[in-house]
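Notes follow once the structure below has been shown.
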Amino acid sequence: YMRTSMKDVFAVGDCTAKRHFLTGEYTKLMLASTAMAQGRLAGSNLFEIKVIKEFPGALGTFSTRICDVAFASVGLTESDAKRAGIDYVVGTNEAVDRHPGKLPDASRIYIKLIFARYSHQLLGAQIKGGVSAGEMINMLSVMIQNRMTDMEIDTLQIGTHPLLTSSPIAYPVINATVSAIMKWYKK
C-alpha cells in the first residue's frame with residue numbers, strides 16, 4: 003500500500019525497502035522509474051482509488067546511452083540467476099534495428115534473454131545497440147511483469163516498419179527467444 007507505520011504517511015522511491023519482482027529478495031535498486039510506479043500506487047491508495055493496492059516488486063528496468071551506444075537491462079542477469087540458484091537457458095540474437103540495414107540511422111542490436119529452464123518464463127534481458135534499445139527493454143519489462151513464456155513471446159504479433167524497426171523476419175526479441183527454444187530441444 004506504500005503506507006508507513008505512521009497514520010497518513012506514505013513512502014516511495016529510494017527511502018523504501020523493495021523486493022525484487024522475480025526473486026522476492028530485498029534489492030537496493032534506486033531508479034526513478036521504480037519510484038514513479040510506487041508514487042502512482044501511493045497516490046491511488048491515498049485517494050482510495052480502486053486499483054491494485056500493493057507494489058509487485060522492482061525489476062530494475064533501465065537504459066542509458068554512452069556516446070553512440072545504448073545499453074539496457076531488465077530483470078535478472080545470468081549472474082543474478084546463478085546467485086539465486088535458478089536453472090536457466092540463454093537466447094541471443096544480433097540484428098539491425100532498421101530494414102534494410104543500409105539505412106543511414108540503422109544500428110546493430112545485440113540482445114540476450116534469460117529464461118527459466120522448466121517454466122520457460124522470461125526472467126531477464128540485456129540489450130546493446132542503437133536508441134531502439136530503450137523502447138525494446140520497456141517491451142521486455144512488460145513481458146516479464148506478465149510472466150510470459152518463450153512460446154508466448156515467439157507467437158507475439160508485432161508491428162514493423164523499415165524506418166522504425168528490425169525486419170519482421172529478423173526481430174531481435176523474437177529471434178533471441180527462438181534461440182532459447184532451440185536449446186530446450188538440443189540433444
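Numbers 3 to 189, taken from the numbering used here, label the letters of the sequence shown in order.
Yeah, the Cβ is synthetic: ideal placement off N, Cα and C, and Gly gets one too.
Everything numeric in this text was worked out from a predicted model, so none of it was measured.
Cβ-based neighbour list, Leu31, same chain, cut-off 7 angstroms, excluding 5 preceding and 5 following: Lys20, Ala60, Gly62
The beta strand (DSSP E) enclosing Gln128, as first and last residue numbers: 124-131
Where the alpha helix (DSSP H) through Ile111 begins and ends: Looking at the DSSP string, Ile111 is not in any alpha helix (DSSP H); the run it does join, the beta strand (DSSP E), is 110-118.
Neighbour-count burial assignment, Ser168, 16 or more Cβ in a 10 Å radius: buried
His122 to Lys9 span [Cα, whole Å]: 43 angstroms
Expected contact under 8 angstroms - CB spacing of Ile254 and Asn95 to nearest Å: Here the chain has residues from 3 to 189 only, and residue 254 is not among them.
Coil, strand or helix - Arg149 by DSSP: coil
Straight-line Cα distance separating Arg100 from Ala108: 5 angstroms
Through-space distance from Tyr187 to Asn47, alpha-carbon basis: 47 angstroms
Same chain only: Cβ atoms within 7 angstroms of Ala182, ignoring 5 sequence neighbours per side: Val91, Val92, Gly93, Leu115, Phe117, Asp152
Where Lys20 sits in the DSSP three-state scheme: strand
Beta-carbon proximity check, Ile139 vs Ile146, cutoff 8 angstroms: no
Expected contact under 8 angstroms - CB spacing of Val76 and Ala127 to nearest Å: 5 angstroms
Option nearest Arg5 by Cα separation, candidates Gly15, Ile111, Ala44: Ala44
Exposure label - Pro106; buried when at least 16 CB within 10 Å: exposed
Inter-residue spacing [alpha-carbon to alpha-carbon] between Gly26 and Pro58: 9 angstroms
Opening and closing residue of the alpha helix (DSSP H) in which Gly41 lies: 34-48
Contacting residues, own chain, Cβ-Cβ under 6 angstroms from Ala37 (five flanking each side not counted): Val14, Gly15
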